[in-house]
Structure formats: structure tokens, C-alpha cells
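Visitor: Chains as they are written, first to last, in numbering that gives the first Met the number 0: chain A, 0 to 146; chain B, 0 to 262. Have a look at the structure that comes next, please.
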Amino acid sequence: MKTRAIEIRLKIPDNAAYTAMAALERLGVAAERVERAEIWVFEVEDDADGLLVEVMRNESLFNPNKHAARELETPSPRAGEVWIEELGDDPDLRARLGGKGVRGVRSAKRYVGWRLLDRQGKPVTKDVAQNAADVLLCNPAIERALL
Amino acid sequence: MKARVAIPVFPGTNSEEETLRILRDVGLDAEIVHWSRGDRLFQYDAFVLPGGFAYEDRVRAGAIAAHDRMMDAVVDAAIGGKLVLGLCNGAQMLLEAGLVPGTGAIRRPTAAFTHNGPDGKFVCRHVFVKLSVAPERSPITAALAPGALIPAWAAHGEGRLAAPPEHLQEIVDGGHLAFVYTHANGSTDADAIPNQSALGAAALVNVEGNVLAIMPHPERDAWTFNHPDSPEGRAARGNAERMLRPSGGAALFESFAKGLALV
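Below is the structure:
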């Protein structure tokens with residue numbers, strides 16, 4: 000089994016990311032730009048080929064009119080990123096994969112990935128990303144933030 | 000002089016009109032306050048946060064609104080002891096703002112109304128909620144009878160109370176569980192709960208008792224024409240004036256109005 004991560008992001012303007020950026024600015028978080036993506040971390044069979052294509056064929060996960068998808072080099076947050084995981088039994092996860100599935104996938108976790116960039120377009124520090132999670136992006140009663 | 004009640008409206012709010020009507024029908028001087036006029040909010044005696052999808056539920060339901068400038072006045076009012084009632088999305092805001100159950104820091108939530116169980120789907124269903132604290136626990140419920148049953152409409156995709164076990168225990172131990180879902184006869188079981196909410200919770204109240212967050216909509220079952228098959232509905236048939244009288248879910252707002260005299 001291998002762990003692999005697919006990032007699905009909007010290729011149209013992301014109003015939610017813009018709203019989050021405005022709220023974070025009001026809360027004093029020093030991020031000049033905020034990007035958002037859906038991150039799927041899959042446990043897949045070793046010989047599972049074409050994972051990205053399989054994900055893009057699942058119309059519950061991917062809409063080619065508005066999404067772009069790519070496989071991440073590592074299944075963990077990059078610099079300036081915070082991934083938000085919903086705790087407990089996520090009914091939304093079952094609903095999203097329900098009936099469709101992805102060939103070769105044994106299990107899946109869904110995260111909302113937030114990427115924060117500074118004025119120079121560089122990823123913010125881990126402290127800034129942690130602060131963003133603390134003040135807005137993560138409700139610790141129902142979510143967990145990965146940095 | 001009538002108490003002045005503000006109904007703050009955020010981009011995406013959708014239940015302000017029925018909220019306004021029922022508050023006026025129970026004798027309050029209620030006004031809708033648009034987000035562009037948030038600077039006015041400091042003038043009001045109480046607040047009712049209506050339902051809807053403030054900021055399209057971006058980030059999480061109620062999260063952006065909870066940190067909005069409009070909420071500064073609501074938070075200040077709540078801390079100052081004024082009455083604050085949140086309905087559906089308004090309830091989600093109050094939890095995200097940390098005002099309810101209020102066992103942590105302000106704007107540091109310890110619980111949430113989140114995705115419905117079992118499948119995350121939106122539910123629209125008539126429900127009954129039962130007062131599960133002593134009426135005097137909150138000025139908002141003080142005029143209700145012990146164990147009062149309130150009819151309402153559950154209309155939400157994210158109404159399931161969720162929190163870590165220690166916070167759920169705090170909710171129980173601190174008397175924060177204001178209303179639970181029941182059947183029409185007041186009994187409860189899993190079928191009475193439309194969303195698998197923890198503790199069967201429909202509403203929570205804060206430590207001080209002046210802030211109440213309720214997920215279903217009593218304002219959508221608050222006039223006799225909303226429940227024409229009830230005893231008062233059957234008695235009102237053919238009589239328009241009686242059909243238009245507040246009843247059912249109006250009881251919570253009548254109690255809210257009376258509670259304003261207590262604070």
C-alpha cells in the first residue's frame with residue numbers, strides 16, 4: 000500500500016479563499032494571499048496506476064469546467080500550508096465517494112488545504128499559518144489542523 | 000417603552016423577514032440592520048441573529064460572520080448581559096463566536112453545529128423541542144412552563160452538535176443543554192432527532208443564561224396558519240384574524256420579550 004495525495008483546486012476565482020483572506024486580515028494575520036484546495040489523501044494498492052486520471056473521472060470529486068487537479072509530491076502540508084481535517088466520522092466523506100469510488104483506492108481522507116503567501120509571494124512562516132488556523136481556519140472542537 | 004431588538008443581516012441571511020414579523024407580533028420594537036449599517040448595532044437592547052447562510056457558509060457555517068465587525072457589537076452586548084438569541088445560522092455563529100456554550104475564550108469555539116448525520120444531507124422536517132433546563136435558567140426561557148414543548152422546522156445541513164467528549168460533558172454538567180429534540184408527546188428517541196445531534200441537542204444556552212442558540216426555526220411555525228391541524232388551528236378555521244395570531248413557536252419569542260424585562 001502507498002499513501003498518495005491529490006490536490007483539487009478551483010481554476011475559477013475562489014470567493015471563499017478571498018473571504019477567508021479578508022477575515023484573516025481583519026484578525027491580524029499577515030497573509031497577502033490565500034489559496035484553498037481540496038486535498039485527498041488515499042491509501043492505494045502498490046500497483047494502482049493512473050490515480051490522478053481515476054480521480055478526475057469521478058465527477059463527485061472533480062468538475063473539469065472549474066477544477067484543476069494534480070498529484071502532490073508528498074502527502075503532507077508544504078511550507079505556508081495548513082490542512083484542516085474534520086474529526087470523527089465524516090458523513091460528507093462517505094457522500095462524496097458514495098457510489099462512485101476510485102479504482103485501486105482502499106481508503107481516503109479529505110482535507111481542506113489553505114496556502115498562505117506573504118507580500119513577496121513566498122509561503123508564510125509556520126507560526127503565521129498556525130495563527131491562521133487558531134483564529135479562523137480550524138474549529139478545534141470538530142477539526143484538526145495539520146502543518 | 001418597547002425594547003429595541005436588532006436583527007443583524009449578513010450577506011446570505013435569508014430568515015430576517017419572518018424573524019422581524021414574529022418579534023413585532025410579540026410586542027417588540029424590532030428592526031432589520033443591514034451589514035452596511037453595523038455601526039448602529041450599539042443602540043439596541045437585544046439581538047436576534049436570523050437563519051440563512053451568512054457569507055455562504057465559507058470556511059465553516061457561521062465562521063466568517065462570527066469574526067465580522069457586525070459581531071463585535073453582539074459580543075459586547077452578550078458580555079454586558081443583553082439578551083442574544085441565535086436561530087439556525089445565527090446559532091452556528093454564536094457557537095463559532097465562542098459565546099455558546101461560553102465555556103472557553105471568546106471567539107475560540109468549544110463546540111459546533113456541523114454536518115448532519117448520518118449522511119451529511121440537508122434536512123427539512125417539522126420537529127418538537129423540549130425545554131430541558133429549569134425555565135429560570137435563562138431570561139429567554141423564564142416565561143415558559145417547565146418542560147415546555149415548542150414546535151419548529153429543522154431546515155439545515157449542519158445542525159448536529161459535535162464536540163470532544165470533555166466539552167460535551169461540560170455542556171451537560173453546566174446546564175447548557177437548553178432544548179432537546181422530542182416527539183410531539185415529549186418523548187425522545189433517535190427518531191426524534193433529525194440530524195444525530197449529540198445529546199439530542201437542539202439548543203444551547205451560555206453560562207450566564209443571556210445567550211441562547213437554537214438550530215431549528217420556531218419562527219417558521221409561529222402563527223396558527225402554520226399549523227392548521229393543531230387544536231388552535233382547527234378552532235380558527237374560517238376566522239382569518241384567529242389564523243393570523245401567533246401560536247406554536249411564538250411561545251419562545253413571547254418568553255424572549257418577557258425576558259427583556261428581567262435584564
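Heads up, the beta-carbon is just placed ideally off N, CA and C, and yes, glycines get one too. The model shown is predicted, which means the values in this text are computed figures rather than measured ones.
So, do the segment 108–117 of chain A and the segment 70–80 of chain B have three or more beta carbon pairs nearer to each other than 8 Å?
Guide: Not touching, per the Cβ criterion.
Visitor: I'd like to know whether the C-beta of ARG3 of chain A is nearer than 8 Å to at least one C-beta of chain B.
Guide: Indexing the first sequence from 1 puts residue 3 of chain A at position 4. With 8 Å as the cut-off, ARG3 of chain A does not count as an interface residue toward chain B.
Visitor: Going along the segment 22–50 of chain A in order, which residues come within less than 8 Å of chain B, judged by CB to CB distance?
Guide: Result list: ALA22, ARG25 and LEU26.
Visitor: Under 7 Å between beta-carbons, which chain A residues line up against PRO100 of chain B? List them in chain order, please.
Guide: By one-based count along the second sequence, residue 100 of chain B stands at place 101. Simply none; closest approach about 10 Å.
Visitor: Given 8 Å as the limit, is there contact between the segment 8–18 of chain B and the segment 120–137 of chain B, that is, 3 or more CB pairs closer than that?
Guide: The segment 8–18 of chain B, when compared against the segment 120–137 of chain B, does not touch it at the 8 Å Cβ threshold.
Visitor: Since ILE213 of chain B sits in a beta bridge, which residues does DSSP pair it with?
Guide: One-based indexing of the second sequence puts residue 213 of chain B at position 214. According to DSSP, which records beta bridges pairwise, ILE213 of chain B is partnered with B:LEU86 and B:ALA202.
Visitor: With three or more C-beta pairs closer than 8 Å as the rule, is the segment 161–177 of chain B touching the segment 99–115 of chain B?
Guide: Contact between the segment 99–115 of chain B and the segment 161–177 of chain B is present, because at least three Cβ pairs lie under 8 Å.
Visitor: For chain B, check one thing: does any of its Cβ atoms lie closer than 8 Å to the Cβ of GLY203 of chain A?
Guide: There is no way to answer for residue 203 of chain A, as the model of chain A reaches only from 0 to 146.
Visitor: Report the option in B:ARG20, B:ASP118, B:PHE255 and B:GLY103 whose CA atom is closest to the CA atom of GLY173 of chain B.
Guide: To locate residue 173 of chain B, count along the second sequence from 1; it is residue 174. Ranking the options by Cα distance to GLY173 of chain B, first place goes to B:GLY103.
Visitor: Tell me whether VAL41 of chain A sits in a helix, a strand or coil according to DSSP, three-state version.
Guide: Along the first sequence, read from residue 1 onward, the residue named residue 41 of chain A stands at position 42. Note that residue 41 of chain A is Phe in the sequence shown here, rather than Val. DSSP places PHE41 of chain A in strand when its eight states are reduced to three.
Visitor: Assuming contact is defined by CB atoms lying nearer than 8 Å, are ASN88 of chain B and PHE41 of chain B in contact in what I supplied?
Guide: Here the question's residue 88 of chain B lines up with position 89 in the second sequence. Here the question's residue 41 of chain B lines up with position 42 in the second sequence. Cβ atoms of ASN88 of chain B and PHE41 of chain B: not closer than 8 Å.
Visitor: Helix, strand or coil for LEU50 of chain A per DSSP?
Guide: Residue mapping note: residue 50 of chain A aligns to position 51 of the first sequence, counting from 1. Looking at LEU50 of chain A - three-state DSSP - the assignment turns out to be helix.
Visitor: What separation, rounded to the nearest whole angstrom, lies between the Cα atoms of LYS10 of chain A and GLU53 of chain A?
Guide: As a position in the first sequence, residue 10 of chain A is number 11, starting the count at 1. As a position in the first sequence, residue 53 of chain A is number 54, starting the count at 1. Straight-line Cα distance between these residues: approximately 19 Å.
Visitor: Rounded to whole angstroms, what is the Cα-Cα separation between GLU58 of chain A and PRO150 of chain B?
Guide: In the first sequence, residue 58 of chain A corresponds to position 59, counting from 1. In the second sequence, residue 150 of chain B corresponds to position 151, counting from 1. Going by the C-alpha atoms only, they are around 39 Å apart.
Visitor: Could you name the residues that DSSP lists as bridge partners for TRP152 of chain B?
Guide: In the second sequence, residue 152 of chain B corresponds to position 153, counting from 1. Its beta-bridge partners are B:HIS125 and B:HIS216.
Visitor: State the Cα-Cα distance for the pair ARG3 of chain B and ALA29 of chain B, rounded to the nearest angstrom.
Guide: The residue labelled residue 3 of chain B in the question sits at position 4 within the second sequence. The residue labelled residue 29 of chain B in the question sits at position 30 within the second sequence. Whole-angstrom Cα-Cα distance: 6 Å.
Visitor: Distance cutoff 8 Å, beta carbons only. Does HIS216 of chain B sit that close to anything in chain A?
Guide: Residue mapping note: residue 216 of chain B aligns to position 217 of the second sequence, counting from 1. Not closer than 8 Å to any Cβ of chain A, the Cβ of HIS216 of chain B fails to qualify, so no.
Visitor: In terms of residues, what are the limits of the beta strand (DSSP E) holding PHE46 of chain B?
Guide: Position 47 of the second sequence holds residue 46 of chain B. Residues 45–48.
Visitor: Any idea which residues DSSP pairs TRP113 of chain A with across the strands?
Guide: Numbered from 1 along the first sequence, position 114 holds the residue referred to as residue 113 of chain A. The partner list for TRP113 of chain A (beta bridge, DSSP) reads A:ARG35 and A:VAL81.
Visitor: Of the choices B:LEU94, B:ASN238 and B:LEU211, whose alpha-carbon is the least far from that of LEU251 of chain B?
Guide: As a working note, residue 251 of chain B is residue 252 in the second sequence. Closest by alpha carbon: B:LEU211.
Visitor: According to DSSP, simplified to helix, strand and coil, what is VAL192 of chain B?
Guide: Walking along the second sequence from the start, residue 192 of chain B turns up at place 193. It should be pointed out that residue 192 of chain B corresponds to Ile in this sequence rather than to Val. Note: ILE192 of chain B maps to coil in three-state DSSP.
Visitor: Let me see if you follow: with CB-CB separation under 8 Å, is ILE148 of chain A close to chain B or not?
Guide: Outside the shown range of chain A (0 to 146) lies residue 148 of chain A, about which nothing can therefore be said.
Visitor: Please state whether the Cβ-Cβ distance between LEU19 of chain B and LEU48 of chain B is less than 8 Å.
Guide: Residue 19 of chain B sits at position 20 when you count from the first residue of the second sequence. Residue 48 of chain B sits at position 49 when you count from the first residue of the second sequence. No. Outside cutoff.
Visitor: Please list, in chain order, all residues of the same chain as PRO141 of chain A whose beta carbon is under 6 Å from its beta carbon, the five residues on each side excluded.
Guide: In the first sequence, the residue the question calls residue 141 of chain A occupies position 142. The sequence shown places Ile at residue 141 of chain A, rather than the Pro named in the question. Answer for ILE141 of chain A: LEU86, listed in chain order.
Visitor: Of the choices B:THR140, B:ASN194, B:TYR54 and B:SER254, whose alpha-carbon is the least far from that of THR12 of chain B?
Guide: Your numbering for residue 12 of chain B matches position 13 in the second sequence. Checked all of B:THR140, B:ASN194, B:TYR54 and B:SER254; the closest Cα to THR12 of chain B is B:TYR54.
Visitor: Got a sec? Which residues, its chain only, sit under 7 Å from GLU135 of chain B by beta carbon, not counting five neighbours each side?
Guide: Counting from 1 along the second sequence, the entry for residue 135 of chain B is found at position 136. Excluding positions up to five away in sequence, the list reads ALA141.
Visitor: Would you say ILE141 of chain A reaches chain B, if we count a Cβ-Cβ gap shorter than 8 Å as a contact?
Guide: Translated into the one-based positions of the first sequence, residue 141 of chain A becomes position 142. It does; some Cβ of chain B falls within 8 Å.
Visitor: Considering just the uninterrupted stretch of the beta strand (DSSP E) at ASP228 of chain B, what are its terminal residues?
Guide: What you label residue 228 of chain B is simply residue 229 of the second sequence in a count that begins at 1. Unbroken run through ASP228 of chain B: none, as it is neither H nor E.
Visitor: Mind reading off the beta-carbon distance from ARG59 of chain B to ASN138 of chain A? Whole number of angstroms is fine, and I expect it under 8 Å.
Guide: The count along the second sequence starts at 1 and reaches residue 59 of chain B at position 60. The count along the first sequence starts at 1 and reaches residue 138 of chain A at position 139. Right, the Cβ-Cβ distance comes to about 6 Å (below 8 Å), so this counts as a contact.
Visitor: With a threshold of 6 Å on Cβ separation, who are the neighbours of HIS175 of chain B within its own chain once the five nearest residues in sequence on each side are excluded?
Guide: Residue mapping note: residue 175 of chain B aligns to position 176 of the second sequence, counting from 1. PRO100, LEU203 and VAL204.
Visitor: For ALA132 of chain A and VAL81 of chain A, I'd like the C-alpha separation in whole angstroms.
Guide: Within the first sequence, residue 132 of chain A is the residue found at index 133, counting from 1. Within the first sequence, residue 81 of chain A is the residue found at index 82, counting from 1. Cα-Cα distance, rounded: 7 Å.
Visitor: Does any residue of chain A have a CB that is nearer than 8 Å to the CB of ALA62 of chain B?
Guide: Position 63 of the second sequence holds residue 62 of chain B. Taking Cβ atoms only, chain A reaches closer than 8 Å to ALA62 of chain B, which makes this a yes.
Visitor: Decide if PRO76 of chain A is buried, meaning its Cβ has at least 16 other Cβ atoms within 10 Å, or exposed.
Guide: Position 77 of the first sequence, counted from the start, is the residue given in the question as residue 76 of chain A. Buried, by the Cβ-count rule.
Visitor: How far does the beta strand (DSSP E) with TYR180 of chain B in it reach, from first residue to last?
Guide: For this step, residue 180 of chain B is matched to residue 181 along the second sequence. Element bounds for TYR180 of chain B: 176–181.
Visitor: For THR73 of chain A, would you say it is in contact with chain B, using Cβ-to-Cβ distances shorter than 8 Å as the test?
Guide: What you label residue 73 of chain A is simply residue 74 of the first sequence in a count that begins at 1. THR73 of chain A does not count as touching chain B.
Visitor: Determine the extent of the beta strand (DSSP E) in which ALA30 of chain B is found, giving its start and end residues.
Guide: Start at 1 with the first residue of the second sequence, and residue 30 of chain B comes out as number 31. Per the sequence presented here, residue 30 of chain B reads as Glu, with Ala not at that position. 28–33 is the span of the beta strand (DSSP E), which, as asked, contains GLU30 of chain B.
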